[in-house]
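**Q** Handing you a structure now.
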Amino acid sequence: MSVLKQKEFAIILFVVPLLFILFNFYTGIAGPQATELINWGAYLWNFSMIIGTYSMFRKHLLTITERQKDWPYSVIMFVSFFVYFITGYIHTPTFQWIMDYVQTPIMMTIWVGAFTTFTMVFRGARTRNWLGVLLLLSTVLTVLRMAPIGEAIWGGFPIIGLWINDVPNVAVMRAITIGMGIGLLATMTREILGKETHYLGE
Amino acid sequence: MILEGLRFDLIILLVNVALIYFFMRKAEGGKLPYIRPVPFIEELDSIVGRAAEMGRPIHFSTGYGGLHDEWAVMCVAGLALLSKVAELCGKYRVWLQFTCFRGYLVPIGQDLLKTGYEKGGNPDMYSPDMVSYVGEDQTAYVAFIMDYFMSERPAVAMMFGAIQAEMNHHLMMSARVGAVCCAGTPRLYYQGKMALMADFALLGEELYVAGASITKDPVHMGSIEAEDWSKIIVLALLLIAAIAVNIGMPQLFTGLMGW
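Line by line, the protein sequences give chains A and B. Sequential numbering of the first sequence, starting at 1, is according to the numbering used here. Sequential numbering of the second sequence, starting at 1001, is according to the numbering used here.
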């Protein structure tokens, strides 16, 4: 059995830091130590980068050596990785150029939030029941509130849109927040008592 | 000893913890509460069965949140569901691909999947390659998932945990490849999207409830009964606050909150 799956290990891993952080939150005692404990997350993160790099190299090397589907992309990955890595150390302007004119546009392409949301709704929005219709209707009214064309069509759109945002929307969000907080507390209590072991595969 | 402004907060915390403990013990004693069936849990068997019939994989993700941040509890709930899905995949011989955002989730994910396939009766199916990790950059994570969806065309797309902006891409790609989309996160901003787009959505705290419904574990079920009582306490506090404000004595409540 892996050490990660041992219940005692899991309890030490979760419960001790959790209790310590709770103690610090309510009493303010041992602040630096609690901060240090939280910082350990960052140290873990650094180690995980090593695992990630190994995993990436292994996968792409296998893809190239076995001539798997789309293997030229793996070659591009290695070239990009080494060019980026080396220029970062030896020639900062080139590094910055790559950052500004290659990486940023690629990232922006993936993160065009509004367009992604639009295509998502266009492809998959379903009005399976009256609640779905209600949701879509609210969405359209909210869009008409935000877009200048809404007010140009009818002066009532901004008022209705604002009401949807301030009344039903806020009420539902608060209810969900309360439910979420209580659920979080229950899961935390189970963890503290060592009863939550499903994430260990038990 | 206790900081000012946090005393009432601590009392509420302790009352809730005591309630949860009491109902957990009650359930362990054999008095299980009734839990409303969650559609996703009711259909989970047939969802995995669909993937088996189509001969296509299932993709699972726990999203941006990990075990070291404020979303740890959501991630734990997602991992609990992963262990059950892995068991069903083992039973029906379906490939389960788990893409994790945090490096330390790799060994945990591999452990969960290995155990799941063993429990399902097909340990030979398990492969360490079922867990993918592409670094801790959200753009890379999203790009990998989009590529996976286009190349492997999974029959089912599941995302349970602390999902963030990657949910947009998940939902979009699920719709594009015709995958059954199952999503669940208690995070506020994604409730509407899930309700509109996902075939099975676990809204709000349903993610936490789902774990209990799957396992019928007395500990989980007892804590859910306690959650209902906690909600009654919160509603009572809200009512008292509303009355206090409306009779012109808001200081009654604000004083208590600031104690």
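From the three backbone atoms N, C-alpha and C, an ideal C-beta is built for every residue, glycine too.
Tell me whether Q1251 of chain B sits in a helix, a strand or coil according to DSSP, three-state version.
**A** Helix, per DSSP.
**Q** Quick check: the stretch 1017-1035 of chain B against the stretch 1129-1143 of chain B, are there 3 or more CB pairs under 8 Å?
**A** No, the stretch 1017-1035 of chain B is not in contact with the stretch 1129-1143 of chain B.
**Q** Compare the Cα-Cα distances from W111 of chain A to each of B:A1165, B:P1250 and B:E1152 and report the closest residue.
**A** When each option's Cα is compared against that of W111 of chain A, the closest is B:A1165.
**Q** Using a cut-off of 8 Å between C-beta atoms, extract the partners of T142 of chain A located in chain B.
**A** Going along chain B, no residue has its Cβ under 8 Å from T142 of chain A, so there is no contact; the nearest lies around 10 Å.
**Q** State the DSSP-derived secondary structure class of I1058 of chain B, mapped to helix, strand or coil.
**A** Here I1058 of chain B sits in strand by DSSP.
**Q** Starting from A1201 of chain B, follow the beta strand (DSSP E) in both directions and report where the run begins and ends.
**A** It spans F1200 to L1203 - the beta strand (DSSP E) in which A1201 of chain B sits, taken as one unbroken run.
**Q** Going along the stretch 1182-1209 of chain B in order, which residues come within less than 7 Å of chain A, judged by CB to CB distance?
**A** Cβ contacts with chain A come from P1186, L1188, Q1191, G1192, A1195, L1196, M1197, G1204, E1205 and Y1208.
**Q** Kindly indicate the opening and closing residues of the beta strand (DSSP E) around A1157 of chain B.
**A** V1156 to A1162 is the span of the beta strand (DSSP E), which, as asked, contains A1157 of chain B.
**Q** Skipping 5 residues on each side, what residues in its chain have a beta carbon closer than 6 Å to that of R190 of chain A?
**A** These residues qualify, in order along the chain: E196.
**Q** Quick one: Cα of E1053 of chain B to Cα of I1224 of chain B, how far?
**A** Using only the alpha carbons, I get a separation of about 35 Å.
**Q** Can you list the residues of chain A that Y1117 of chain B reaches, using a CB-CB cut of under 8 Å?
**A** Chain A residues near Y1117 of chain B: none, gap ~11 Å exceeds 8 Å.
**Q** Beta carbon of W1095 of chain B, beta carbon of P1057 of chain B: below 7 Å?
**A** Their beta carbons are under 7 Å apart, which means W1095 of chain B touches P1057 of chain B by this criterion.
**Q** Consider the Cβ of S74 of chain A: report whether some Cβ of chain B lies at a distance smaller than 7 Å.
**A** For S74 of chain A, the answer is no, since every Cβ of chain B falls outside 7 Å of its Cβ.
**Q** Using a 10 Å radius around the Cβ and a threshold of 16 neighbouring Cβ atoms, would you call S80 of chain A buried or exposed?
**A** S80 of chain A comes out exposed.
**Q** Can you tell me whether I1240 of chain B is helix, strand or coil according to DSSP?
**A** If DSSP states are grouped into helix, strand and coil, I1240 of chain B belongs with the helices.
**Q** Which of the three DSSP states is assigned to F1101 of chain B in this structure?
**A** Correct three-state label for F1101 of chain B: coil.
**Q** So with CB distances below 8 Å, who are the chain B contacts of V121 of chain A?
**A** Those within 8 Å of V121 of chain A in chain B are L1196 and M1197.
**Q** I need the DSSP call for S1132 of chain B, collapsed to helix, strand or coil.
**A** It is a strand residue.
**Q** For M1257 of chain B, I'd like the list of residues in its chain whose CB is within less than 7 Å of its CB, leaving aside the five on either flank, ordered along the chain.
**A** Correct list, in chain order: F1008.
**Q** Below 9 Å on C-beta distance, what does W71 of chain A contact in chain B?
**A** By Cβ distance, chain B contributes nothing, its closest Cβ being about 13 Å from W71 of chain A, past 9 Å.
**Q** Just verifying my parser: in three-state terms, what is the DSSP assignment at L1096 of chain B?
**A** Three-state DSSP puts L1096 of chain B in a strand.
**Q** For A1179 of chain B, which three-state DSSP category applies?
**A** Coil at A1179 of chain B, not helix or strand.
**Q** Provide the residue span of the alpha helix (DSSP H) that contains R174 of chain A, from first to last.
**A** From DSSP, the alpha helix (DSSP H) with R174 of chain A extends over P168 to I192.
**Q** What alpha helix (DSSP H) runs, 4 residues minimum, are completely inside the stretch 1-87 of chain A?
**A** Counting only runs of 4 or more, we get 7-27 and 31-65.
**Q** Where does A147 of chain A land, buried or exposed, given buried means 16+ other C-beta within 10 angstroms?
**A** Label assigned to A147 of chain A: exposed.
**Q** Look at the alpha carbon of R1093 of chain B and the alpha carbon of L1113 of chain B, and state the distance between them as a whole number of angstroms.
**A** Their Cα atoms are separated by approximately 12 Å.
**Q** Beta-carbon of F117 of chain A versus every beta-carbon of chain B: anything under 7 Å?
**A** According to the sequence as given, residue 117 of chain A is Thr; it is not Phe. Output row for T117 of chain A: interface = yes.
**Q** What does the alpha-carbon distance come out to for the pair E151 of chain A and I164 of chain A?
**A** Cα to Cα, E151 of chain A sits roughly 16 Å from I164 of chain A.
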